[in-house]
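> Provided herewith is a single structure, encoded as structure tokens, for subsequent inquiry.
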Amino acid sequence: MIKKISILIWGSLLTIGANAQDVMLSQPLESPIVLNPANTGAQYDLRTNLNYRQQWRSVTDPFTTVMASGDAKIASRGKSSSSFGVGLFIMNDRAGGAHLNTFLGGLNIAAKVPLTGSQNISAGIGTAFMQRHIDYSALTWDKQYDGLVYNPSLSNGEQLSNERTNNIDLSAGLQWSYGKGATTLSSNDNIGAQVGIAVYHINKPNLSFDYNDKSYMRFVLHSTISYGVKNSNMQISPSFIAAFQGPSKMFYTGALVKYKLQESSKYTDYVLARMINVGTYYRFGDAIVVMTQLEWGQFAFGISYDINVSSLTRVSTGRGGFELSARYIPFRSGVSSRLL
């Protein structure tokens, strides 16, 4: 009976992962070119991001997601001129006891055009190779039970032939950005904003292993505001993300409070800016996310934890998953990174 309950739980989780929303990180702003192709090369000359996520260990075999991305600005004639960006990303997601594995490897290309001295608009497109694989031998089936005893030597009675699918996945996005002012330990008059829209699975790739089951297109709306608290060394950065994919929808909102500990030196690379960030987010009907992040010079390291508040709480006891992020943005001595 316990084994059958475990199978039911696993099956429901697999359905959530395969037929509802795509993989969604709890630190989505730390995978910017995956959030929106228009983010590619829009902010920095060079940027790299790493993400690691594990969830549902308290319920079943854990769901594990690993993601890496990098983007660069190319063909730019200056801060206020038009520019092009290029980015690469890879993602591997492994879900549940059947080891349902999804691999994505993609290329983004984007262009940014200034509207005014403090505003610009960018557009990007992306193409990715997607491979999905499932291990049927790791599953148990009703027909493999001899009474109440599981017998793996019995046939499962299913006609399952294809364990792997390969597809091309297309995406596109637009983004408006605004940034003005500067942040120091003695003054704080900056304000920045981003508003974007992206669409994924434009070509509706087939997700099924044995029949035709095309993916729904996924539409993402996102916005972020960062503003400095005057006469302080604090910034507040609320954000909102909404995703729609077929009958499923996801809303994610919250805020990050940034506290600057130290300015970078204008004269030497030995003194680097330091900032500590703390935030709380809510993914509607699913989880409360608590996050902290340390920015040290060109590097940033973040950790977050999901507190499950969905109907799965009965078996998860609130334990969702943890996520790690790392970011590297090189910059010259005395030149601080962009606000947005």
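Residue numbers in the sequence shown follow the numbering used here, run continuously in steps of one, and reach 335 at the last position. Yeah, the Cβ is synthetic: ideal placement off N, Cα and C, and Gly gets one too. None of these values were measured; they are calculated from a predicted model.
1. Identify whether P339 lies in helix, strand or coil by the three-state DSSP scheme.
2. Cβ of G274 within 8 angstroms of Cβ of G249?
3. Is any heavy atom of the ligand FMN found at a distance shorter than 7 angstroms from the C-beta of I271?
4. Can you grab the Cα-Cα spacing for the pair Q240 / G280, in whole Å?
5. Give the DSSP-derived three-state secondary structure of E25 in the structure shown.
6. Determine the DSSP secondary structure at G65, reduced to helix, strand or coil.
7. With DSSP as the reference, label A295 as helix, strand or coil.
8. For the beta strand (DSSP E) containing I192, list its first residue and its last residue.
9. Let me know the secondary structure DSSP gives K359 once reduced to three states.
10. Could you name the residues of the same chain whose beta carbon sits closer than 8 angstroms to that of I298, not counting the 5 residues immediately before and after it, in chain order?
11. Determine the burial state of G100: buried for a count of at least 16 other Cβ atoms within 10 Å of its Cβ, exposed for fewer.
12. Measure how close the beta-carbons of V29 and S77 come, nearest whole angstrom, since I'm counting them as under 8 angstroms.
13. Classify S166 as helix, strand or coil using the three-state DSSP reduction.
14. So, helix, strand or coil for Y39, using DSSP?
15. For P32, is the classification buried or exposed, using 16 other Cβ atoms within 10 angstroms of its Cβ as the cut-off for buried?
16. What is the rounded straight-line gap between the Cα of I283 and the Cα of H196?
17. Please state whether the Cβ-Cβ distance between Q170 and N34 is less than 8 angstroms.
18. With a Cβ-Cβ cutoff of 8 angstroms, do S232 and K253 count as a contact?
19. Provide the residue span of the beta strand (DSSP E) that contains V273, from first to last.
20. Would you list the residues sitting across from N96 in a DSSP beta bridge?
21. At what residues does the beta strand (DSSP E) containing V252 begin and finish?
22. Are the CB atoms of N96 and H128 nearer to each other than 8 angstroms?
23. So the candidates are F294, A193, T219 and N228; which of them puts its Cα closest to the Cα of E258?
24. Give the C-beta separation of T43 and Y323 to the nearest angstrom, bearing in mind that I take them to be a contact with Cβ-Cβ under 8 angstroms.
25. Exposed or buried, what is A70 when buried is set at 16 or more other beta-carbons lying within 10 Å of its beta-carbon?
26. Return helix, strand or coil for A118, following the three-state DSSP convention.
27. Tell me whether D301 sits in a helix, a strand or coil according to DSSP, three-state version.
28. Is the CB-CB distance between D208 and N198 below 8 angstroms?
29. Which value, in whole angstroms, describes the spacing of the CA atoms of K175 and Y39?
30. With a threshold of 16 other CB atoms inside 10 Å of the CB of Q114, please say whether the residue is buried or exposed.
31. Name the two residues that bound the continuous beta strand (DSSP E) containing A237.
32. Have a look at R278, G292 and P325 and flag the residue whose alpha-carbon is nearest the alpha-carbon of I302.
33. Just tell me which of A105, T219 and S117 has its CA closest to the CA of L24.
34. Let me know the secondary structure DSSP gives L216 once reduced to three states.
35. Apart from the five residues on each side of it in sequence, which residues of its chain come closer than 6 angstroms, Cβ to Cβ, to S188?
By the coordinates alone:
1. Outside the displayed range of the chain (-4 to 335) lies residue 339, so it cannot be described from this structure.
2. In the sequence shown, the residue the question calls residue 274 occupies position 279. In the sequence shown, the residue the question calls residue 249 occupies position 254. G274 places its beta carbon less than 8 angstroms from that of G249.
3. In the structure shown, the ligand FMN is absent, as is every other ligand, since no ligand is present at all.
4. Working through the sequence shown from its first residue, we reach residue 240 at position 245. Working through the sequence shown from its first residue, we reach residue 280 at position 285. Straight-line Cα distance between these residues: approximately 16 angstroms.
5. Counting from one through the sequence shown, the residue named residue 25 turns up at place 30. E25 falls in the helix class under three-state DSSP.
6. If you number the sequence shown from 1, residue 65 lands on position 70. The three-state secondary structure of G65, taken from DSSP, is strand.
7. Walking along the sequence shown from the start, residue 295 turns up at place 300. It is a strand residue.
8. The residue you call residue 192 lines up with position 197 of the sequence shown. Membership of I192 in the beta strand (DSSP E) is indicated by the continuous run I186 to Y195.
9. Past the boundaries of the shown model lies residue 359; the chain is included only from -4 to 335, so the question cannot be answered.
10. Numbered from 1 along the sequence shown, position 303 holds the residue referred to as residue 298. Result list for I298: M286, T287, Q288, F317, E318, L319 and S320, in chain order.
11. Start at 1 with the first residue of the sequence shown, and residue 100 comes out as number 105. Under the 10 Å beta carbon count, G100 is surrounded by fewer than 16 other beta carbons and is classified as exposed.
12. Here residue 29 corresponds to residue number 34 of the sequence shown, with the count starting at 1. Here residue 77 corresponds to residue number 82 of the sequence shown, with the count starting at 1. 24 angstroms between Cβ atoms; not a contact.
13. For the purposes of this step, residue 166 is taken as the residue at position 171 of the sequence shown. Judged by DSSP in its simplified three-state form, S166 adopts strand.
14. In the sequence shown, counting from the first residue as 1, residue 39 sits at position 44. Residue state, collapsed to three classes: coil.
15. Position 37 of the sequence shown, counted from the first residue, corresponds to residue 32. Its Cβ being crowded by 16 or more others within 10 Å, P32 is buried.
16. Sequence index remark: in the sequence shown, residue 283 carries index 288 (1-based). Sequence index remark: in the sequence shown, residue 196 carries index 201 (1-based). Taking the straight line from one Cα to the other gives about 28 angstroms.
17. As a first step, residue 170 must be located in the sequence shown, where it is residue number 175. As a first step, residue 34 must be located in the sequence shown, where it is residue number 39. Their beta carbons are under 8 angstroms apart, which means Q170 touches N34 by this criterion.
18. For the purposes of this step, residue 232 is taken as the residue at position 237 of the sequence shown. For the purposes of this step, residue 253 is taken as the residue at position 258 of the sequence shown. Result yes, Cβ atoms of S232 and K253 sit closer than 8 angstroms.
19. Residue 273 sits at position 278 when you count from the first residue of the sequence shown. Unbroken beta strand (DSSP E) run through V273: R269 to R278.
20. Reading the sequence shown from its first residue, position 101 is the one you call residue 96. N96 pairs with R89 and H128.
21. Indexing the sequence shown from 1 puts residue 252 at position 257. Boundaries of the beta strand (DSSP E) harbouring V252: S243 to Q257, taken from the DSSP string.
22. By 1-based counting over the sequence shown, the position of residue 96 is 101. By 1-based counting over the sequence shown, the position of residue 128 is 133. Their beta carbons are under 8 angstroms apart, which means N96 touches H128 by this criterion.
23. Translated into the one-based positions of the sequence shown, residue 258 becomes position 263. The option with the nearest alpha carbon to E258 is N228.
24. Within the sequence shown, residue 43 is the residue found at index 48, counting from 1. Within the sequence shown, residue 323 is the residue found at index 328, counting from 1. Contact between T43 and Y323 is confirmed by a C-beta separation of about 5 angstroms, below the 8 angstroms threshold.
25. Taking the first residue of the sequence shown as position 1, residue 70 is located at position 75. A70 comes out exposed.
26. By 1-based counting over the sequence shown, the position of residue 118 is 123. Look at A118 here: in three-state DSSP terms it is strand.
27. In the sequence shown, the residue the question calls residue 301 occupies position 306. D301 sits in a strand when the DSSP states are folded into three classes.
28. Position 213 of the sequence shown, counted from the first residue, corresponds to residue 208. Position 203 of the sequence shown, counted from the first residue, corresponds to residue 198. Between D208 and N198, the CB-CB gap reaches or exceeds 8 angstroms.
29. In the sequence shown, counting from the first residue as 1, residue 175 sits at position 180. In the sequence shown, counting from the first residue as 1, residue 39 sits at position 44. Distance between the alpha carbons of K175 and Y39: 16 angstroms.
30. Here residue 114 corresponds to residue number 119 of the sequence shown, with the count starting at 1. Here Q114 is exposed: its Cβ has fewer than 16 other Cβ atoms, across all protein chains shown, within 10 Å.
31. Position 242 of the sequence shown holds residue 237. In the DSSP annotation of this structure, the continuous segment of the beta strand (DSSP E) that includes A237 starts and ends at M229 to Q240.
32. If you number the sequence shown from 1, residue 302 lands on position 307. Minimum Cα distance to I302 is reached at R278.
33. Taking the first residue of the sequence shown as position 1, residue 24 is located at position 29. For the residues A105, T219 and S117, the minimum Cα distance to L24 belongs to T219.
34. As a working note, residue 216 is residue 221 in the sequence shown. Correct three-state label for L216: strand.
35. Here residue 188 is taken as the residue at index 193 of the sequence shown, counted from 1. Note on residue identity: the sequence assigns Ala, not Ser, to residue 188. Here the set comprises Y173 and I220.
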